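The sequence shown lines up with residues 1 to 232 when you count with UniProt numbering.
We put the beta carbon where it would ideally sit given N, CA and C, even for glycine.
This structure is a prediction, so every number in the text was calculated from the model and none was measured.
Structure first, then comments.
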Amino acid sequence: TYKYGDVRDVTYQRYILTGKQIKKLAPDLMLDKITRADIQKLINAYGQTHEKVTVRNFYRLLEAPIRDAVYEGWISRDPCYKIRITSQVKKKKKLKKWLEMDEVHKLEQVFNADQSGYGDFFDFTLRTGLRFAEVLGLTPADVDMNNMSIYVNKTLNYKKIDYSQVKPGDFMPTKNKYSVRQILIDFKALTDLQRHLDGVKEDESIWAHWYASDSRTNTRGGNHIYNSVFNK
Numbered sequence: 001t002y003k004y005g006d007v008r009d010v011t012y013q014r015y016i017l018t019g020k021q022i023k024k025l026a027p028d029l030m031l032d033k034i035t036r037a038d039i040q041k042l043i044n045a046y047g048q049t050h051e052k053v054t055v056r057n058f059y060r061l062l063e064a065p066i067r068d069a070v071y072e073g074w075i076s077r078d079p080c081y082k083i084r085i086t087s088q089v090k091k092k093k094k095l096k097k098w099l100e101m102d103e104v105h106k107l108e109q110v111f112n113a114d115q116s117g118y119g120d121f122f123d124f125t126l127r128t129g130l131r132f133a134e135v136l137g138l139t140p141a142d143v144d145m146n147n148m149s150i151y152v153n154k155t156l157n158y159k160k161i162d163y164s165q166v167k168p169g170d171f172m173p174t175k176n177k178y179s180v181r182q183i184l185i186d187f188k189a190l191t192d193l194q195r196h197l198d199g200v201k202e203d204e205s206i207w208a209h210w211y212a213s214d215s216r217t218n219t220r221g222g223n224h225i226y227n228s229v230f231n232k
C-alpha cells in the first residue's frame, strides 16, 4: 500500500491485482525469507497460464517494491537478479491497432446509419482520434462552436463511476501534460456533439449525460461501456 497516492489509481489497482496473484500462487512467501529461486518459481507458475508480455508486466510490478525493500535494508540481497521471464502460452496473433482508409469509410457508413447515440459517439471518436477516456471527459465548456474546436484537458474515470450521477471528482488528469491540447474538428464531429448538448451542464460530461439519460433505454447496447475495439 506504500504506492497509494504516489501513482495513478489505475496503476495502483494493478499493484493490488499483482499482490492478489502472488498470494494465490505463493501464499506462504515471506519478504524476509524470499530468494531468487522463489521469484523464479513464482514467475514460472504465472507463466503457465499467461503470455510472455503479460508475465513481463507482472514481473515489473513485482520487481519494483522488492527493489525498494532492498534499498530500505529490509532484505539484504536482490532476489530479482537475472530472473528469466518464462511462458508456456503461445503468443496470440497481434491485434492491429490502426485502420486502412477503406476500413475507415466502412465504419463511417455504419455509424451514420446508426440512429442511436452510439453511432454519434463512435463517429466522433473516429474523427477526432481522442482516447476513449478523453472523449468521455469532454464537457460543454470544452467545446468552441464558433471556431469548431475542442479543448482536451481531462479524462473521465469511466471504470469506477456511477453513470447516473457523475460527480466532478470523477474527472481525472490526462495521460500526461502533453495530452492537454486544443484540436480542430470537422463539421460532422461538431454535429455529433450538438445532438447531445441539450440539458448538459457546462462542467458535466457530454457523453456520460447522454448515456445516463432516459433516451438511451430504447437503444441497443444495454448497460455496457464500449472500448477495446468496440469490445471486439
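Alpha-carbon to alpha-carbon, residue j and residue i
i, j, result
"GLN109", "ALA141", "30 Å"
"LYS52", "ARG67", "22 Å"
"VAL143", "GLU204", "12 Å"
"LYS93", "GLN115", "34 Å"
"TRP210", "VAL89", "42 Å"
"ARG216", "GLY199", "With a pLDDT of only 49 at ARG216, under the threshold of 50, the placement of this residue in the model should not be trusted; the figure read from the coordinates follows. So the two alpha carbons sit approximately 15 Å from each other."
"GLY19", "GLU63", "12 Å"
"ARG181", "SER87", "40 Å"
"LEU61", "LYS201", "40 Å"
"LEU25", "GLY117", "44 Å"
"LEU47", "LEU17", "Contrary to the premise, residue 47 reads as Gly rather than Leu in this sequence. Roughly 16 Å separates the two Cα atoms."
"PRO79", "GLN40", "9 Å"
"VAL70", "ILE34", "11 Å"
"LYS97", "ASN176", "21 Å"
"ILE150", "THR174", "14 Å"
"GLY73", "THR139", "48 Å"
"ILE183", "LYS106", "24 Å"
"THR54", "MET101", "31 Å"
"ASN44", "ARG56", "11 Å"
Residues bridged to residue i (per DSSP)
i, result
"TYR151", "GLN182"
"LEU156", "PHE171"
"ASP192", "Answer by DSSP bridge pairing: none, since ASP192 is not bridged."
"VAL143", "ILE150"
Close beta carbons around residue i, own chain, < 8 Å, minus the five adjacent residues each side
i, result
"ALA133", "THR155, LEU156, ASN157, TYR158, MET172"
"ALA113", "GLY119"
"LEU29", "ILE22, ASP38, LEU42"
"SER228", "At SER228, the pLDDT of 46 sits below 50, so the modelled position is not reliable and the matter cannot be decided from this model."
"HIS50", "PHE58, SER87, VAL89"
"ASP192", "ASP120, PHE121, ASP123, PHE124, ARG127"
"LEU197", "PRO140, VAL143, ILE206"
"PHE187", "MET148"
Closest residue to residue i among the options (Cα-Cα distance)
i, options, result
"ARG195", "ASP170, ASN146, PHE124", "PHE124"
C-beta contact flag for residue i and residue j at 8 Å
i, j, result
"TRP207", "PHE121", "yes"
"ASP32", "ILE83", "no"
"MET148", "LEU99", "no"
"LEU130", "VAL104", "no"
"ILE85", "THR128", "no"
"SER179", "VAL135", "no"
Cβ-based neighbour list, residue i, same chain, cut-off 7 Å, excluding 5 preceding and 5 following
i, result
"TYR81", "ARG36"
"GLY137", "LYS154, THR155, LEU156, PHE171, SER205"
"SER213", "none"
Cβ-based neighbour list, residue i, same chain, cut-off 6 Å, excluding 5 preceding and 5 following
i, result
"LYS160", "none"
"GLN13", "none"
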